[in-house]
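Asker: Structure below; questions to follow.
Protein chains: 2
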Amino acid sequence: MSINFVPNNIPEKTIERLSEYRRTLLDCLNKGITHLYSHTLAGIHGITAVQVRRDLMLIGFSSDTKRGYDAQVLIDFIGNILDDRNVMNIGVVGMGHLGQAVTQYFTGKRSKLKIVAAFDIAPTKVGTTVAGVPCYHIDEFQKKIKDHNIKLILLSSPTDAAGSFVQPIIDAGIKGVLNFTSKPLNFPEGIYVEDYDIITLLEKVAYFVKECELHSRKK
Amino acid sequence: MSINFVPNNIPEKTIERLSEYRRTLLDCLNKGITHLYSHTLAGIHGITAVQVRRDLMLIGFSSDTKRGYDAQVLIDFIGNILDDRNVMNIGVVGMGHLGQAVTQYFTGKRSKLKIVAAFDIAPTKVGTTVAGVPCYHIDEFQKKIKDHNIKLILLSSPTDAAGSFVQPIIDAGIKGVLNFTSKPLNFPEGIYVEDYDIITLLEKVAYFVKECELHSRKK
């Protein structure tokens with residue numbers, strides 16, 4: 068994970084948790100639960116109630132009801148913090164298995180974020196659609212980014228090719244990249260990059276499993 | 068991300084970075100670069116040289132050569148920390164687009180970690196293989212976990228179904244879970260869980276893009 072700028076005082080981890088709280092609150096509303104205490108929300112997320120209250124204090128949310136937080140009110144409040152007023156358009160670079168999976172997985176999940184275009188070089192992919200999203204040749208990148216008003220790129224190309232997309236992404240004026248490849252990418256200040264590498268995380272989980280086993284054997 | 072136990076003194080973030088350093092070092096070796104300075108490694112990863120040296124100090128690695136770190140020596144050293152002596156077997160629960168993508172993406176990438184079995188309920192998937200990995204019915208979970216000596220579960224089921232796999236995973240004696248669903252899962256102490264939710268990360272990147280735009284408009 069690399070942070071090139073922090074535009075205000077809300078910590079990255081709080082932003083992540085707000086997104087997670089909102090999903091839990093939506094889930095609760097669907098089940099007919101309209102109010103939640105901070106300790107209930109904390110329990111679901113495996114953190115402390117103090118952490119939940121601190122996060123909500125940071126965004127200026129307060130609740131004086133004895134029934135806990137009103138789920139719908141809190142959902143709207145978090146939405147005002149996290150979401151753009153307009154829908155934010157996303158482009159996917161690389162429509163291999165991972166790009167296709169993410170496109171299909173994501174479609175319809177969040178109304179304020181929308182995957183609107185994909186890019187690849189393979190003749191079998193260019194000109195097709197996945198979950199209603201058209202796939203263009205990477206040669207059309209600059210034009211289609213502008214046509215579709217794309218603000219955020221999800222990079223799911225083969226790792227070897229990842230570096231070649233850095234300059235086009237900068238040139239297109241993109242300000243946010245979610246990088247699924249195993250290659251750390253150097254973007255200039257002002258572009259927010261989140262690295263999301265599966266192998267790193269699998270290796271990390273595997274390490275803790277191994278340590279846990281060594282530890283039990285020693286006992 | 069939830070940490071249920073920390074088996075030794077190496078911080079989680081250091082473990083992640085060690086995995087990333089190793090991948091960069093392997094990449095350098097492939098390009099014929101045999102030695103790297105800490106500031107070179109730091110530059111590639113967008114961190115400080117002090118951070119790199121601190122991480123390597125934590126694992127007891129020191130280098131007195133003026134040519135920088137010997138890539139192969141450091142790769143082996145990191146391997147001794149991260150890897151199990153034997154191959155660690157992984158099971159994938161949920162062979163939708165995401166499960167299939169991860170299985171195909173991962174196959175052959177790391178010799179010490181191996182996806183050996185997948186589980187689903189759909190008749191179109193049970194009995195098939197993806198990238199050489201057999202897909203079993205979830206009813207066979209306990210048996211196949213034992214047969215294949217699986218230590219780690221990668222959970223890529225639909226989010227709604229995620230909760231139903233917690234007890235079977237506990238019963239099977241699994242000690243590590245990489246959770247791709249949008250649902251936070253409560254596992255007991257002693258099971259290491261890494262949540263890896265795409266929507267949370269996309270929302271986070273989108274938030275920073277939005278803030279960056281608001282900030283530029285104000286100028």
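For the record, the sequence lines run as chains A and B.
With the numbering used here applied, the first sequence covers 68 to 286.
With the numbering used here applied, the second sequence covers 68 to 286.
Note that CB positions come from ideal geometry on N, CA and C, so glycine has one too.
Since the model is a prediction, treat every value here as computed from it, not as a measurement.
(1) Excluding sequence positions up to five away, which residues of its chain have a Cβ less than 8 Å from the Cβ of P225 (chain B)?
(2) Classify I100 (chain A): buried if its beta carbon has 16 or more other beta carbons within 10 angstroms, exposed otherwise.
(3) If we cut at 8 Å on Cβ distances, does R90 (chain B) have a partner in chain A?
(4) Under 8 Å Cβ to Cβ from H215 (chain A), same chain only, skipping five residues before and after it: list those, please.
(5) Restricting to Cα atoms, I'd like to know which of B:H102, B:K210, B:D187 and B:L219 is closest to H204 (chain B).
(6) Let's see if you can read the secondary structure: which residues bound the alpha helix (DSSP H) around I147 (chain A)?
(7) For F128 (chain A), which residues from the same chain have a beta carbon less than 7 Å from its beta carbon, with the 5 sequence-adjacent residues on both sides left out?
(8) Leaving out five residues on either side along the sequence, give the residues of the same chain with a beta carbon under 7 Å from the beta carbon of H106 (chain B).
(9) Which residues mark the beginning and the end of the beta strand (DSSP E) in which H204 (chain A) is found?
(10) Taking 8 Å as the CB-CB limit, is L96 (chain B) close to chain A?
(11) Are the CB atoms of D150 (chain A) and K179 (chain A) nearer to each other than 8 Å?
(12) Nearest-angstrom Cα distance between C202 (chain A) and P190 (chain A)?
(13) Could you spell out the range, first to last residue, of the alpha helix (DSSP H) harbouring E83 (chain A)?
(14) Given this structure, state the Cα-to-Cα distance separating T267 (chain B) from Q139 (chain B), to the nearest angstrom.
(15) Alpha carbon to alpha carbon, how far is R84 (chain A) from D94 (chain B)?
(16) Report the neighbours of N253 (chain B) on chain A: residues whose CB is nearer than 7 Å to its CB, in chain order.
(17) List the residues that DSSP assigns as beta-bridge partners of H54 (chain B).
(18) Quick one, which of A:G166, A:S231, A:L92 and A:G230 has its alpha-carbon nearest K192 (chain A)'s?
(19) Can you pull the DSSP bridge partners for L268 (chain B)?
(20) Which residues share a DSSP beta bridge with L221 (chain B)?
(21) Identify the contact partners of D187 (chain A) in chain B, using a Cβ-Cβ distance below 9 Å as the criterion.
(22) Go ahead and pull the three-state DSSP assignment for I191 (chain A).
(23) Spell out whether any CB of chain A is found under 8 Å from the CB atom of H102 (chain B).
(24) Compare the C-alpha of K213 (chain A) against each of A:E256, A:I148, A:G240 and A:S231 and name the closest.
(25) Taking only three categories from DSSP, how would you classify I182 (chain A)?
(26) Would you kindly work out how many angstroms separate the C-alpha atoms of G243 (chain B) and C279 (chain A), rounded to a whole number?
(27) Got a sec? Which residues, its chain only, sit under 8 Å from E258 (chain A) by beta carbon, not counting five neighbours each side?
(28) At a Cβ cut of 8 Å, what residues of the stretch 197 to 226 of chain B count as close to chain A, listed as they run along the chain?
(29) Measuring CB to CB, does I77 (chain A) end up less than 8 Å from I126 (chain A)?
(30) Within 10 Å of its beta-carbon, does T91 (chain A) have 16 or more other beta-carbons around it, so buried, or fewer, so exposed?
(31) Does D151 (chain B) have its Cβ less than 8 Å from a Cβ in chain A?
(32) Is the CB-CB distance between G135 (chain B) and Y104 (chain B) below 8 Å?
(33) Given a cut-off of 8 Å on the beta-carbon distance, is the pair N246 (chain A) and V233 (chain A) in contact?
(34) Using 10 angstroms around the beta-carbon of R152 (chain B), count the other beta-carbons present and answer buried if the total reaches 16, otherwise exposed.
(35) Measure the alpha-carbon distance for S307 (chain A) versus N97 (chain A) and round it to whole angstroms.
(36) Pick helix, strand or coil for V169 (chain A), following the three-state DSSP scheme.
Answerer: The structure says:
(1) Here residue 225 (chain B) is taken as the residue at index 158 of the second sequence, counted from 1. Closer than 8 Å at the Cβ level, and outside the excluded window around P225 (chain B), lie G161, G163 and T248.
(2) As a working note, residue 100 (chain A) is residue 33 in the first sequence. Classification of I100 (chain A): exposed, given that the 10 Å Cβ count is below 16.
(3) Walking along the second sequence from the start, residue 90 (chain B) turns up at place 23. Output row for R90 (chain B): interface = yes.
(4) By 1-based counting over the first sequence, the position of residue 215 (chain A) is 148. N156, G158, V183 and A184.
(5) If you number the second sequence from 1, residue 204 (chain B) lands on position 137. Of B:H102, B:K210, B:D187 and B:L219, the residue nearest in Cα terms is B:D187.
(6) Here residue 147 (chain A) refers to the residue found at position 80 when the first sequence is read from its first residue. Here the sequence assigns Asn to residue 147 (chain A), which means Ile is not the residue at that position. From DSSP, the alpha helix (DSSP H) with N147 (chain A) extends over A138 to L149.
(7) Translated into positions along the first sequence, residue 128 (chain A) becomes position 61. Here the set comprises L141 and F144.
(8) For this step, residue 106 (chain B) is matched to residue 39 along the second sequence. The answer, listed in chain order, is A116.
(9) Mapped onto the first sequence, residue 204 (chain A) falls at position 137. H204 (chain A) -> beta strand (DSSP E) spans V200 to H204.
(10) Translated into the one-based positions of the second sequence, residue 96 (chain B) becomes position 29. Closer than 8 Å: no.
(11) Translated into the one-based positions of the first sequence, residue 150 (chain A) becomes position 83. Translated into the one-based positions of the first sequence, residue 179 (chain A) becomes position 112. For D150 (chain A) and K179 (chain A), yes; Cβs fall inside 8 Å.
(12) Here residue 202 (chain A) corresponds to residue number 135 of the first sequence, with the count starting at 1. Here residue 190 (chain A) corresponds to residue number 123 of the first sequence, with the count starting at 1. Between C202 (chain A) and P190 (chain A), the C-alpha separation is close to 10 Å.
(13) For the purposes of this step, residue 83 (chain A) is taken as residue 16 along the first sequence, with counting starting at 1. Per DSSP, E83 (chain A) belongs to the alpha helix (DSSP H) from E79 to N97.
(14) On the second sequence, position 200 is the one that residue 267 (chain B) refers to. On the second sequence, position 72 is the one that residue 139 (chain B) refers to. Cα to Cα, the separation comes out at about 37 Å.
(15) Position 17 of the first sequence, counted from the start, is the residue given in the question as residue 84 (chain A). Position 27 of the second sequence, counted from the start, is the residue given in the question as residue 94 (chain B). Cα-Cα distance, rounded: 34 Å.
(16) Your numbering for residue 253 (chain B) matches position 186 in the second sequence. Those within 7 Å of N253 (chain B) in chain A are G113.
(17) Chain B is shown from 68 up to 286; residue 54 (chain B) falls before or after that span and cannot be answered.
(18) Residue mapping note: residue 192 (chain A) aligns to position 125 of the first sequence, counting from 1. The shortest C-alpha separation from K192 (chain A) is found at A:G166.
(19) Here residue 268 (chain B) is taken as the residue at index 201 of the second sequence, counted from 1. Answer is none; L268 (chain B) lacks a bridge partner.
(20) What you label residue 221 (chain B) is simply residue 154 of the second sequence in a count that begins at 1. Partner(s): B:V159 and B:L245.
(21) Locating residue 187 (chain A) in the first sequence gives position 120, where the first residue counts as 1. By Cβ distance, chain B contributes nothing, its closest Cβ being about 15 Å from D187 (chain A), past 9 Å.
(22) Within the first sequence, numbered from 1, the residue matching residue 191 (chain A) stands at position 124. Strictly speaking, residue 191 (chain A) in this sequence is Thr, with Ile absent from that position. Note: T191 (chain A) maps to coil in three-state DSSP.
(23) Along the second sequence, one-based indexing puts residue 102 (chain B) at 35. No, because no Cβ of chain A sits closer than 8 Å to the Cβ of H102 (chain B).
(24) Looking up residue 213 (chain A) in the first sequence gives position 146. The shortest C-alpha separation from K213 (chain A) is found at A:G240.
(25) Counted from its first residue, the first sequence places residue 182 (chain A) at position 115. Of the three classes helix, strand and coil, the one that applies to I182 (chain A) here is strand, per DSSP.
(26) Residue 243 (chain B) sits at position 176 when you count from the first residue of the second sequence. Residue 279 (chain A) sits at position 212 when you count from the first residue of the first sequence. The straight-line gap from Cα to Cα measures roughly 9 Å.
(27) Position 191 of the first sequence, counted from the start, is the residue given in the question as residue 258 (chain A). Sequence check: residue 258 (chain A) is Ile here, not Glu. If we look at I258 (chain A) and ignore the five residues flanking it on each side, its Cβ neighbours are N71, I236, I237, I241, K242, G243 and V244.
(28) K218, L219 and L221
(29) For the purposes of this step, residue 77 (chain A) is taken as residue 10 along the first sequence, with counting starting at 1. For the purposes of this step, residue 126 (chain A) is taken as residue 59 along the first sequence, with counting starting at 1. Taking 8 Å as the Cβ cut-off, I77 (chain A) and I126 (chain A) qualify as a contacting pair.
(30) Numbered from its first residue, the first sequence carries residue 91 (chain A) at position 24. T91 (chain A) is buried by the Cβ-count criterion.
(31) Walking along the second sequence from the start, residue 151 (chain B) turns up at place 84. Answer yes: the Cβ-Cβ gap between D151 (chain B) and chain A drops below 8 Å somewhere.
(32) Reading the second sequence from its first residue, position 68 is the one you call residue 135 (chain B). Reading the second sequence from its first residue, position 37 is the one you call residue 104 (chain B). In this structure, Y104 (chain B) lies closer than 8 Å to G135 (chain B) by Cβ.
(33) Against the first sequence, residue 246 (chain A) aligns to sequence position 179. Against the first sequence, residue 233 (chain A) aligns to sequence position 166. No; because the gap between Cβ atoms is not below 8 Å, this pair is not in contact.
(34) Taking the first residue of the second sequence as position 1, residue 152 (chain B) is located at position 85. Result: exposed.
(35) This structure cannot settle anything about residue 307 (chain A), because the visible part of chain A is limited to 68 through 286.
(36) For this step, residue 169 (chain A) is matched to residue 102 along the first sequence. Looking at V169 (chain A) - three-state DSSP - the assignment turns out to be helix.
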